[in-house]
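Trainee:
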Amino acid sequence: LKICVLVKEVPDAAVEKRMDSSTKRLDRSGEKNLNPFDTHAIEAAMQIKEGGAVEVDEIVAVTMGPESAVRALHKAVSLGADRSVHLTDPALENSDVVATGYALAQVLKAESPDLVLLGQQSDDGECYTIGAVVADNLGMPSLTQVIQIDVSDNALTCERQAEYGYDTVEIQMPAVISVGDAINEPRYPSLKAIMGAKKKQLDTKSTADADIDTGKVGGDGSKTQVLAINPPPEKAAGEIIEDEDTDETVEKIVAWLEERKLLA
Amino acid sequence: MSGILTYVLEYEGEANKNSLGAVSQAAKLASELGTEAHAVVVGESVSDDVCRNIGKYGASKVYRANAPDGLAQPVVDVMAQLIEQNGYDYALFGGGLLGFEIGAGVAARVGGGVTMEVTEVKVQDGKLVAVRPILQDSAIVDVAYEGGVGVIIGRLNAFEIEESGSGDAEVEDVDVQLSDFSTQAKVVKRGEQRGADVNIEDADILVGGGRGLGKAENFSLAEDLAESLGGAVAATRAVVDAGWYPYAAQIGQTGKTVAPKLYLAVGISGAIQHKVGMQSSENIVAINKDQNAPIFEFSDLGVVGDLHKILPKLTAAVKAKKGG
Chain H
2 LKICVLVKEV PDAAVEKRMD SSTKRLDRSG EKNLNPFDTH AIEAAMQIKE
52 GGAVEVDEIV AVTMGPESAV RALHKAVSLG ADRSVHLTDP ALENSDVVAT
102 GYALAQVLKA ESPDLVLLGQ QSDDGECYTI GAVVADNLGM PSLTQVIQID
152 VSDNALTCER QAEYGYDTVE IQMPAVISVG DAINEPRYPS LKAIMGAKKK
202 QLDTKSTADA DIDTGKVGGD GSKTQVLAIN PPPEKAAGEI IEDEDTDETV
252 EKIVAWLEER KLLA
Chain P
269 MSGILTYVLE YEGEANKNSL GAVSQAAKLA SELGTEAHAV VVGESVSDDV
319 CRNIGKYGAS KVYRANAPDG LAQPVVDVMA QLIEQNGYDY ALFGGGLLGF
369 EIGAGVAARV GGGVTMEVTE VKVQDGKLVA VRPILQDSAI VDVAYEGGVG
419 VIIGRLNAFE IEESGSGDAE VEDVDVQLSD FSTQAKVVKR GEQRGADVNI
469 EDADILVGGG RGLGKAENFS LAEDLAESLG GAVAATRAVV DAGWYPYAAQ
519 IGQTGKTVAP KLYLAVGISG AIQHKVGMQS SENIVAINKD QNAPIFEFSD
569 LGVVGDLHKI LPKLTAAVKA KKGG
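These protein sequences, in sequence, are chains H and P.
For the first sequence, the numbering used here gives the first residue as 2, with consecutive numbering after it.
For the second sequence, the numbering used here gives the first residue as 269, with consecutive numbering after it.
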C-alpha cells in the first residue's frame with residue numbers, strides 16, 4: 002500500500018496574516034510552519050503503517066508552494082514520511098482552489114497512491130474543499146472530516162460527523178480522505194528524525210515535470226477573481242479581565258452578569 | 269438557459285433548513301438577474317411533497333434524482349450533468365458539510381470557480397459577487413467569477429429562509445449517470461446519535477465547554493456552573509468527536525445553532541466552525557487561558573485565566589447571589 006499525504010506550509014500563528022493588496026492573494030512571505038491540521042494526516046498514515054492490518058510500502062509527502070515550502074516537507078518527513086515531492090513553479094502562483102487541486106492531482110497521478118490523506122482544513126485563507134477537487138481530478142471516491150479509519154485489504158471503513166449525526170462509510174481504495182483533528186494526537190518528532198529529515202529524498206517538480214496544463218493554473222487559469230479586500234465591520238471591543246486575583250475576577254464577572262440581569 | 273442551481277439536502281422526509289436558506293437566497297438573486305432558481309434533491313425515496321414544497325421558497329423547478337444520499341459524489345454527478353445540459357451560470361449551497369464537498373466537486377468537474385464560507389452574495393453588473401470573510405474573519409474579500417460556472421458555498425446560517433409567495437415547484441425526475449468512483453463509497457450507518465439526548469435549544473443560558481476543560485470528567489465544572497445559572501451545557505465538535513460529551517449538545521457547523529441570552533464559553537478557542545453556531549447569542553462571555561484565542565475577538569466579556577481555578581468559585585458566587 003502506498004500512501005501520499007498532502008501537506009501545506011501556512012503562516013506561523015505568531016506571524017500576522019495579511020493580504021497582498023496588489024495581487025489580492027494571501028501574502029505568504031511570513032509563513033514558516035506545517036499546517037497543524039496536516040500533522041494529523043501524517044499521523045493517520047503512520048498509524049495505518051504501524052497498525053499491521055495492511056502492509057504500507059511507502060508514505061510520501063506532497064506539497065505545492067514556493068521554495069520555502071520545503072520546510073513543511075522536512076517537518077512531514079521528520080514526522081514519518083519516507084520521502085517528499087515539491088511542486089513549485091512561478092506559473093502556479095495565485096492559483097485558486099480548483100487550480101491548486103488540479104495541479105496537485107497531476108503530481109499524484111504520477112505517484113499513483115492507493116490512499117491520499119490530507120488535513121480537513123488549513124489555518125490560512127484556503128479551505129476544506131481541496132480534497133474534493135483532488136478526488137474529482139483523480140476519479141477517486143472521497144470523504145472529508147473523517148475521525149476514524151479502519152483499513153482492510155483494499156477498503157476503508159471511515160467514521161465522520163455529518164449533518165444528522167455520525168455516519169459510517171465504506172470506501173474502496175484508491176481513495177482521497179481528509180481527516181479531522183479528532184482522529185489522533187500527532188506525535189512529536191525525535192531529534193534524530195528532525196536531523197535526518199533533510200537527508201531523505203526530496204523531488205522538485207515543475208509544471209512541465211508534472212504534465213500540468215499551465216492554462217489551467219495560476220491567477221489567469223483560476224476562475225475566481227478577488228475584486229476587493231475590506232476590513233471586517235467595526236465591532237465594539239469586548240471588555241477583558243486578566244485573572245490575577247481569582248476572587249476579584251469572579252466578583253467582576255458576577256457584577257457584569259448582574260448588570261445585564263442574567264442572574265435573575 | 270442561464271440561471272442558478274441549488275442543492276437541497278433531504279433527510280427522513282424533511283428538507284434541510286440551510287438548504288432552504290440557499291434556495292431563498294438563489295430565488296432573490298435570480299429575480300435580480302432576470303433568470304430562474306432551480307433545485308436538485310437526491311435520494312432513494314424523496315417524496316413528491318418534499319420536492320413541490322421547495323417551490324414555496326422560490327425554486328420554480330425541482331429536479332429529483334434517484335441516487336444514494338448522504339454522500340457528495342453522486343450529487344456532483346447529478347449537478348454536473350444538469351449544468352452541462354441546461355447551462356446554469358451559478359450553483360449555490362447552504363452551509364453544512366455536504367455542501368462543501370459537493371460544491372468543490374462540481375467546480376472541479378465543470379471547470380468553474382468556488383468560494384466558501386460566503387456570508388453575502390451581491391449582484392454587480394449583472395453578475396454575482398460572493399462576499400467572504402477570510403483569515404479568521406480579519407478581512408473580507410469580494411470574489412467574482414470569470415470564464416466558468418460560479419460555485420458559491422454559504423456559511424452556516426448565512427442565508428435566511430424566506431417564503432417567496434410562489435406556489436408548488438414543477439418536479440422533474442432525472443436519470444443519473446453515476447461515475448464509477450461515485451459508487452465506490454457506501455454509507456453503512458447514518459445519523460448515529462452518540463451520547464444522551466439533551467436539549468440545549470430551549471435554554472436561555474448555555475455554558476459551552478471545549479477542549480480547554482482538559483478531560484471528559486471536567487465537564488462537571490461546566491455542569492455545576494450551568495446548574496447555578498439555571499442553564500444547560502453545550503459542547504464543541506472537538507470534545508464531542510473525542511467522546512467527552514453527547515452529540516446532541518454540539519454547537520456549530522454540523523451541530524446545533526443557538527442564540528441564548530447568555531453564552532458562557534469555557535475552554536473554547538472559538539474556531540469559525542463553532543462561531544457560526546453561537547455568534548447570535550445576546551451576551552457572550554469567554555474564559556480561556558490563551559489570551560490570543562479567537563473567541564476573545566467576538567466575546568462581550570473575556571476572562572483570561574485558568575478555568576479550573578475560576579469556575580468553582582464562580583459557581584459558588586452565582587449560587588450565593590441567587591440564594592441571597
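No residue lacks a Cβ here, since even glycine has one placed at the ideal position from N, Cα and C.
Just so you know, these numbers come straight off a predicted model, no measurement behind them.
#1: By DSSP, does Val135/H sit in helix, in strand, or in coil?
#2: Just reading off the alpha helix (DSSP H) that Arg72/H is part of, what are its end residues?
#3: Leaving out five residues on either side along the sequence, give the residues of the same chain with a beta carbon under 8 Å from the beta carbon of Gly394/P.
#4: Taking just the CA atoms, how far does Tyr531/P sit from Glu252/H?
#5: Is Tyr165/H a contact residue of the ligand MG, with contact defined as CB to any heavy atom under 7 Å?
#6: Using a beta-carbon distance below 8 Å, is Lys3/H in contact with chain P?
#7: How is Asn231/H classed by DSSP in three states: helix, strand or coil?
#8: So is Gln392/P buried or exposed if we call it buried at 16+ other beta carbons inside 10 Å?
#9: Which partner residues does Ile402/P have in the DSSP bridge list?
#10: With DSSP run on the structure shown, which of helix, strand or coil describes Gln392/P?
#11: Which first and last residues belong to the beta strand (DSSP E) in which Val345/P is found?
#12: Excluding sequence positions up to five away, which residues of its chain have a Cβ less than 6 Å from the Cβ of Ala539/P?
#13: With DSSP run on the structure shown, which of helix, strand or coil describes Ala502/P?
#14: Report the residue from Tyr275/P, Pro528/P, Ile408/P, Gly323/P whose alpha carbon sits nearest the alpha carbon of Gly470/P.
#15: Cα-Cα, which of Gly363/P, Asp509/P, Leu424/P is closest to Gln162/H?
#16: When burial is assigned at 16 or more other CB atoms within 10 Å of the CB, is Met384/P buried or exposed?
#17: Have a look at Ala111/H and Asp210/H and give me their C-alpha separation to the nearest angstrom.
#18: Using DSSP with H/G/I as helix, E/B as strand and the rest coil, what is Ala585/P?
#19: State buried or exposed for Val586/P, treating a residue as buried only when at least 16 other CB atoms are found within 10 Å of its CB.
#20: Measuring alpha carbon to alpha carbon, tell me which residue in Lys3/H, Ser191/H, Lys193/H, Lys217/H is nearest Ser1/H.
#21: Check the Cβ of Gly570/P against every Cβ in chain H and list those closer than 9 Å, keeping chain order.
#22: Kindly confirm or deny that the segment 210–223 of chain H and the segment 74–94 of chain H touch, where touching means at least three C-beta pairs closer than 8 Å.
#23: Please determine if the segment 493–513 of chain P and the segment 471–483 of chain P are in contact, where contact requires at least 3 C-beta pairs separated by less than 8 Å.
#24: For the segment 252–264 of chain H, which residues have a CB atom closer than 8 Å to at least one CB atom of chain P, in sequence order?
#25: Where in the segment 504–568 of chain P do unbroken runs of the alpha helix (DSSP H), each at least 4 residues long, occur, reported from the N-terminal end onward?
#26: So for Asp39/H, helix, strand or coil by DSSP?
#27: Run down chain P in chain order and give the residues with a C-beta less than 8 Å from the C-beta of Gly166/H.
#28: Which chain H residues are close to Asp509/P, counting only those with a beta carbon under 7 Å from its beta carbon?
#29: At a CB-CB cut-off below 9 Å, which residues of chain H make contact with Val382/P?
#30: Report the neighbours of Ala229/H on chain P: residues whose CB is nearer than 8 Å to its CB, in chain order.
#31: Check the Cβ of Gly415/P against every Cβ in chain H and list those closer than 9 Å, keeping chain order.
#32: Report the neighbours of Lys581/P on chain H: residues whose CB is nearer than 9 Å to its CB, in chain order.
#33: Would you mind sorting Tyr515/P into buried or exposed? The rule is 16 or more other CB atoms within 10 Å of its CB.
#34: I'd like to know whether the C-beta of Asn138/H is nearer than 8 Å to at least one C-beta of chain P.
#35: How many Å lie between Tyr279/P and Gly363/P at the Cα?
#36: Taking just the CA atoms, how far does Leu116/H sit from Gly216/H?
Mentor: This is what the structure gives:
#1: helix
#2: 71–79
#3: Leu301
#4: Across the structure, Glu252/H and Tyr531/P are spaced so that their CA atoms are roughly 18 Å apart.
#5: The ligand MG is absent from the structure shown, which contains no ligand whatsoever.
#6: no
#7: strand
#8: exposed
#9: Bridge partners of Ile402/P according to DSSP: Ala407/P.
#10: Gln392/P carries a strand assignment under DSSP once its states are collapsed to helix, strand and coil.
#11: A small fix is needed here, since residue 345/P is Asp in this sequence, not Val. Unbroken run through Asp345/P is the alpha helix (DSSP H), 340–354; no beta strand (DSSP E).
#12: Annotation for Ala539/P: no residue places its beta carbon closer than 6 Å to its own, counting only its chain and skipping 5 residues before and after.
#13: strand
#14: Looking at the sequence provided, one finds Asp at residue 470/P rather than Gly. Minimum Cα distance to Asp470/P is reached at Pro528/P.
#15: Asp509/P
#16: It is buried - the Cβ of Met384/P has at least 16 other Cβ atoms within 10 Å.
#17: 10 Å
#18: helix
#19: buried
#20: As displayed, chain H neither begins before 2 nor continues past 265, which places residue 1/H out of reach and without an answer.
#21: Gly239, Glu240, Ile241, Ile242
#22: yes
#23: yes
#24: Answer in chain order: Glu252, Ile254, Val255, Trp257, Leu258, Glu259, Arg261, Leu263, Leu264.
#25: 505–509, 540–546
#26: helix
#27: Within chain P, the residues whose beta carbon sits less than 8 Å from that of Gly166/H are Arg458, Gly459, Glu460, Gln461, Arg462, Tyr515, listed in sequence order.
#28: Ile148, Gln162, Gly181, Ala183
#29: Asp97, Val98, Val99, Cys128, Thr130, Val134, Lys224, Thr225
#30: Val409, Asp410
#31: Contact note: Gly415/P reaches chain H through Lys224, using a C-beta cutoff of 9 Å and chain order.
#32: Thr247, Asp248, Thr250, Val251
#33: buried
#34: yes
#35: Distance between the alpha carbons of Tyr279/P and Gly363/P is about 16 Å.
#36: 28 Å
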